[in-house]
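K.L.:
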Amino acid sequence: MSNKVIHAIYNDDDILMDAVKKTRAAHHHIEEVFSPFPVHGLDKAMGIAPTRLAICAFLYGCVGITVATTMMNYIMIQDWPQDIGGKPSFSYIENMPAFVPIMFEMTVFFAAHLMVITFYMRSRLWPFKEAENPDVRTTDDHFLMEVAVNNNEEELVSFFKTTGAVEVNVIEKH
Amino acid sequence: MYTFSSKLKTFSFILMAIGILGIGYGFYTAPKDIKEVELMLAAESHGSHAEAPKASHEVHGETAEHSVDAVAEHKEHTEHLEHVLHQLQNKPWAAFYVACIFFMLLSMGVLAFYAIQQVAQAGWSPVLFRVMQGITAYLPYGSVVFFIFLILCGLHFNHLFVWLGEGVTDPNSPNYDALIAGKSGYLNFPFWIVRAAIFLIGWNIYRYFSAKNCLAQDEANDDSFYKKNFNISAIFLVFFIVSESIMSWDWIMSIDPHWFSTLFGWYVFASFFVSGITMIAMVTLYLKSRGYLEHVNTSHIHDLAKFMFGISIFWTYLWFSQFMLIWYANIPEEVTYFITRIELYNLPFFGAVAMNFVFPLLILINTDFKRITWVLVMAGIVILAGHYVDFFNMIMPGTVGDQWFIGVSEIASVLFFLGLFIFAVFTALTKTPLLPKRNPFIEESKHFHY
């Protein structure tokens with residue numbers, strides 16, 4: 027079986043949204059949609075599961091505050107509890123206000139950076155990565171919907187012609 | 004149109020009645036003279052709460068050893084009793100004052116939020132304008148009670164404001180206080196009460212005309228009333244931020260006239276601003292649950308919840324900034340403020356941080372939770388109670404000191420003002436339609452979706 031896909035190309039995000047809804051209603055499997063900019067509500071229309079990136083960020087923040095607390099408790103209270111300008115270094119809680127700015131920044135730092143790295147890893151983005159856009163126009167002013175073909179090529183082509191596509195191409199994927 | 008449910012009305016009257024009885028009880032049971040205080044302290048030292056009196060007796064013992072002068076000891080003992088007497092006499096007044104200023108400033112927080120929404124031309128909030136106007140309808144009631152209270156302070160019915168005491172500015176008086184005398188150019192009764200009058204009148208005028216213009220806009224053929232409201236809101240916000248700052252020095256910071264803090268005005272603002280937003284959310288949820296707010300959807304609620312969350316964090320930022328700067332530098336004349344609070348008010352002082360920061364942080368960080376009614380109501384109750392405790396922490400240490408207790412006086416005062424608040428707010432809500440008609444952003448607001 028050949029790996030054929032349909033590339034339906036649109037030049038308006040409203041038409042694209044309608045086409046996505048129609049395609050879903052007709053039970054054709056959408057492989058991918060390429061767009062030059064974020065189309066509000068596209069993920070909902072495509073039925074994509076919500077992201078869990080925010081949950082990751084919260085957990086990374088918890089790691090950050092733990093690192094900060096452990097670090098400063100060890101350095102300032104356990105390892106060498108000096109008297110620095112009369113600040114009480116007898117226990118962590120006694121000197122805590124002085125540590126809060128660092129605890130805060132570390133929480134934000136860990137949450138932000140680890141979440142961004144998670145995003146890069148999950149969406150497979152890195153320098154020197156080969157670009158994957160199937161049509162250069164999709165980075166400028168065209169939208170492209172990719173649908174798998176399962177021995178129903180003619181039916182699919184005529185279907186996408188009716189959804190307002192400016193171009194419908196059948197592509198052999200390697 | 005909203006109809007005030009008879010159950011809620013009865014409920015508000017019951018709250019006010021219980022409140023008045025409790026407040027009366029508080030004043031009735033406050034000690035009248037030194038003898039009563041002596042009896043109370045003697046009874047306490049035999050009871051379980053022996054620590055404080057014991058400590059004071061120890062101090063007395065030491066003085067007696069050093070001076071061996073029985074007369075001096077007696078004098079100090081009398082002075083101590085007088086001090087405790089003033090604190091105990093202040094207690095019902097201070098309890099009333101905390102609840103009074105809390106509810107009045109809460110409705111000010113709503114008014115400030117409302118003015119900001121007008122000026123920012125927010126597209127989501129116009130469906131909530133009438134709710135906000137309803138809540139600010141408490142402001143005239145609250146202002147009158149509050150102003151009368153300030154006049155009573157000036158007429159020496161209580162000792163809440165030390166600098167209002169007799170002889171504090173007179174070098175020949177035993178009550179002379181050089182620090183207060185140095186501030187008397189600002190802290191004197193006539194100037195103080197005139198400032199209060201100007202602020203209260205200014206705020207009420209804005210509230211009155213803004214609500215009036217909003218109604219007139221419903222019947223107008225153009226947007227002139229809307230533009231008028233935009234302009235007066237912008238002017239009000241400038242007036243508000245100046246008067247708010249001065250208000251916080253006059254009504255709260257001057258309770259501790261030896262102490263000063265620069266960001267205090269902002270800190271007080273954050274406290275009542277978040278209370279106000281929380282109250283908008285609570286009243287909106289109530290009206291929505293009764294089926295009165297057709298166009299309010301979960302996205303509006305979600306936005307309010309985000310404000311509750313964000314301003315709670317903002318309050319904490321200011322709370323911590325004020326605390327940490329003073330703790331770190333540890334300058335004696337500033338740090339006594341926090342030493343009193345940490346030593347005598349440990350649980351309320353740090354409990355307020357838990358209620359106003361930790362709890363909302365963990366509950367309201369979740370997007371799904373911000374749309375669930377019971378989660379929001381629970382978070383709202385904790386935030387409102389937390390900010391009551393915050394005002395309690397600001398006012399009580401300077402007025403009743405270690406004699407504080409959340410008892411009949413405190414709870415009754417809150418119940419009374421809560422009853423008055425419910426009555427004023429829901430009465431006002433019955434007077435106008437709950438949806439503005441010709442607001443330029445009303446269509447956007449009806450279809451607001453996040």
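Protein sequence lines, in the order shown, are assigned to chains A and B.
Be aware that the first sequence starts at 27, since it is given in my numbering, and climbs by one per residue.
Be aware that the second sequence starts at 4, since it is given in my numbering, and climbs by one per residue.
Glycine residues also receive a C-beta, built at the ideal position from the N, C-alpha and C atoms.
1. Buried or exposed, going by whether 16 or more other CB atoms sit within 10 Å of the CB of Phe-152(B)?
2. For Glu-446(B), which residues from the same chain have a beta carbon less than 6 Å from its beta carbon, with the 5 sequence-adjacent residues on both sides left out?
3. Quick one: Cα of Tyr-229(B) to Cα of Cys-217(B), how far?
4. Which residues in chain A have a C-beta closer than 7 Å to the C-beta of Phe-323(B)? List them in chain order.
5. Step through the CB atoms of chain A and report whether any lies within less than 8 Å of the CB of Met-397(B).
6. DSSP three-state label for Asn-195(A), please.
7. Please tell me whether Phe-150(B) and Ala-199(B) are closer than 8 Å, where the distance is taken between their beta carbons.
8. Under the three-state reduction of DSSP, which class applies to Met-4(B): helix, strand or coil?
9. Do we get a CB-CB distance below 8 Å when we pair Pro-123(A) with the residues of chain C?
10. Phe-326(B) touches chain A at which residues, Cβ-Cβ below 8 Å?
11. For Trp-330(B), return the contacting residues in chain A, with the cut-off set at a CB-CB distance below 7 Å.
12. Please return the same chain residues whose Cβ sits closer than 6 Å to the Cβ of Val-143(B), not counting the five positions on each side in sequence.
13. Round the Cβ separation of Glu-336(B) and His-261(B) to the nearest angstrom and send it over; I've been treating them as touching at under 8 Å.
14. Please look up how many angstroms separate the CB atoms of Ile-258(B) and Gly-401(B), rounded, as I've assumed it's under 8 Å.
15. If you run the structure through DSSP and keep just helix, strand and coil, what is Ile-368(B)?
16. Starting from the Cα of Phe-394(B), find the closest Cα among Thr-287(B), Ile-280(B), Phe-275(B), Ile-425(B) and give me that residue.
17. Measure the CB-CB distance between Asp-161(A) and His-33(A) and report whether it falls below 8 Å.
18. Going by beta-carbon coordinates alone, are Leu-418(B) and Gly-25(B) separated by less than 8 Å?
19. Where does Met-111(B) land, buried or exposed, given buried means 16+ other C-beta within 10 angstroms?
20. Please determine if the region 113-122 of chain A and the region 140-153 of chain A are in contact, where contact requires at least 3 C-beta pairs separated by less than 8 Å.
21. By a C-beta neighbour count over all protein chains shown, 10 Å radius and 16 as the cutoff for buried, is Tyr-31(B) buried or exposed?
22. Report the three-state DSSP secondary structure of Tyr-36(A) (helix, strand or coil).
23. Can you tell me which of the three DSSP states Val-171(B) falls into?
24. Would you decide whether Leu-182(B) is buried or exposed? Buried here means 16 or more other CB atoms lie within 10 Å of its CB.
25. How many whole angstroms separate the CB atoms of Val-134(B) and His-303(B), which I take to be in contact at a CB cut-off of 8 Å?
26. Residues in the same chain with beta-carbon distance under 8 Å from Ala-137(A), minus the five sequence neighbours each way, listed in chain order, please.
27. Under the rule that 16 or more other beta-carbon atoms within 10 Å means buried, what is Gln-124(B), buried or exposed?
28. Below 8 Å on the Cβ atoms is my guess for Ile-119(B) versus Leu-240(B); work out the distance and round it to an integer in Å.
29. Would you say the region 318-329 of chain B touches the region 378-385 of chain B, given that touching needs at least three Cβ pairs under 8 Å?
30. Does the beta-carbon distance from Val-87(B) to Gln-406(B) come in below 8 Å?
31. What is the C-beta distance between Val-403(B) and Met-358(B), in whole angstroms, given that I count them as a contact (C-beta under 8 Å)?
32. Identify the residues that DSSP records as bridge partners of Glu-172(A): which are they?
P.N.:
Here's the rundown:
1. buried
2. none
3. 7 Å
4. Val-126
5. no
6. Asn-195(A) sits in a strand when the DSSP states are folded into three classes.
7. yes
8. coil
9. Absence of chain C from the displayed structure is noted, the protein chains being A and B.
10. Pro-123
11. Pro-123
12. The question names Val, but residue 143(B) is Pro in the sequence shown. Here the set comprises Asn-207.
13. 7 Å
14. 4 Å
15. Ile-368(B) sits in coil when the DSSP states are folded into three classes, being neither helix nor strand.
16. Taking only the C-alpha atoms, the option nearest Phe-394(B) is Phe-275(B).
17. Taking 8 Å as the Cβ cut-off, Asp-161(A) and His-33(A) qualify as a contacting pair.
18. Cβ atoms of Leu-418(B) and Gly-25(B): closer than 8 Å.
19. The residue in question, Met-111(B), is buried, as its Cβ has 16 or more Cβ neighbours within 10 Å.
20. no
21. exposed
22. If DSSP states are grouped into helix, strand and coil, Tyr-36(A) belongs with the strands.
23. Look at Val-171(B) here: in three-state DSSP terms it is coil, with no helix or strand label.
24. By the neighbour-count rule (16 or more Cβ atoms within 10 Å), Leu-182(B) is not buried but exposed.
25. At roughly 10 Å, the Cβ-Cβ gap does not stay under 8 Å, so Val-134(B) and His-303(B) are not in contact.
26. Counting only Cβ-Cβ distances below 8 Å, and skipping sequence neighbours, we find Ala-83, Phe-84, Tyr-86, Gly-87, Gly-90.
27. Answer is exposed; the Cβ neighbour count stays below 16.
28. 7 Å
29. no
30. yes
31. With a Cβ gap of about 21 Å, Val-403(B) and Met-358(B) do not count as contacting.
32. Answer by DSSP bridge pairing, in chain order: His-33(A), Glu-58(A).
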